[in-house]
Amino acid sequence: MTGNGRVIAVDGPAAAGKGTLARRLAEALDYAHLDTGLLYRAIGLALLRAGADPAEEAAAVAAAERLETLDLGDPELRQDHVAAAATKLAVFPAVRDQLLRFQRDFAARPPGGKKGAVIEGRDIGTVVLPDAPCKLFLTASLEVRAERRLKELRERGVESIRSSRILKEMRERDARDQNRAVAPLRPAEGAVTIDTTELDADAAFEAAMNIIRSQRPFLDKG
Ligand code: DC
């Protein structure tokens with residue numbers, strides 16, 4: 048068993064709505080929340096700041112070994128150049144192995160005395176916590192995800208970015224995440240897919256809660 052039993056795995060591509068959904072679920076259930084993308088981003092940012100190449104394996108593994116010392120609350124982690132670095136170093140098995148323990152510990156012993164955890168990422172249901180009793184796979188069309196990303200950037204005051212560039216970068220990131228040899232992005236066995244192309248955040252939350260309620264006996268077993 049890789050968790051305490053009360054774990055909701057939320058996987059899916061960038062801008063499918065995982066973050067908003069996972070936060071809301073954690074709040075509603077009083078579970079702890081972990082955005083595992085931040086772990087990969089923190090390693091990417093540490094490398095960029097050190098002037099190292101995130102596509103260079105030895106440097107990436109060394110940075111992953113220092114994960115505990117990295118600040119997961121740094122606002123720069125949200126920026127796109129950091130996401131691009133994260134997706135490059137995420138291909139290395141030794142980096143991913145290094146992060147496994149942190150993620151499994153979080154699930155087994157959720158911080159703050161919480162009784163369960165909502166963990167979001169790309170490979171939570173497939174690799175990190177294959178025993179998770181509830182697995183959700185969030186997806187949406189590439190165009191809608193790129194549009195959401197553009198809106199988010201504009202809200203943050205970034206005006207200079209073109210939608211064609213966002214679409215291109217997102218397509219490249221999807222391809223890298225889906226086609227890498229280790230832990231590629233795909234729905235886990237037993238995962239329920241929620242397509243948010245035509246759902247807003249409230250509707251996605253309702254859909255997820257209905258799935259969780261139907262699986263409640265498994266979640267309560269913990
Ligand atoms: O979810 P995000 O955009 O913050 O993730 C950034 C990158 O990190 C993503 O492109 C791939 C990688 N990642 C991963 O490989 N596995 C995870 N569980 C989470 C993120």
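Basically this note's numbering = 1-based index in the sequence shown + 47.
Quick reminder that beta carbons are idealized off the backbone N, C-alpha and C, glycines included.
| Asked | Found |
| --- | --- |
| Whole-number beta carbon distance between arginine 192 and alanine 62, since they are thought to touch under 8 Å | 4 Å |
| DSSP beta-bridge partners of aspartate 242 | Thr186 |
| Environment of alanine 89 [buried if 16+ CB atoms lie within 10 Å] | buried |
| Alpha-carbon spacing of arginine 209 relative to arginine 203, whole angstroms | 15 Å |
| Own chain, CB closer than 7 Å to alanine 73, minus 5 neighbours either side, in chain order | Ala79, His80 and Val165 |
| Boundaries of the alpha helix (DSSP H) in which valine 142 is found, first to last residue | 140–155 |
| Any non-hydrogen atom of the ligand DC closer than 6 Å to arginine 318 Cβ | An answer regarding residue 318 cannot be provided, because it is not within the stretch 48 to 269 covered by the chain. |
| 8 Å contact criterion, which alanine 251 and isoleucine 241 should meet: CB distance rounded | 6 Å |
| Supposed close pair leucine 68, glycine 163 - CB separation, criterion 8 Å | Leucine 68 to glycine 163, Cβ: 15 Å. No contact. |
| Best match in Ile55, Val54, Pro60 and Ala56 for proximity to alanine 187 [C-alpha to C-alpha] | Pro60 |
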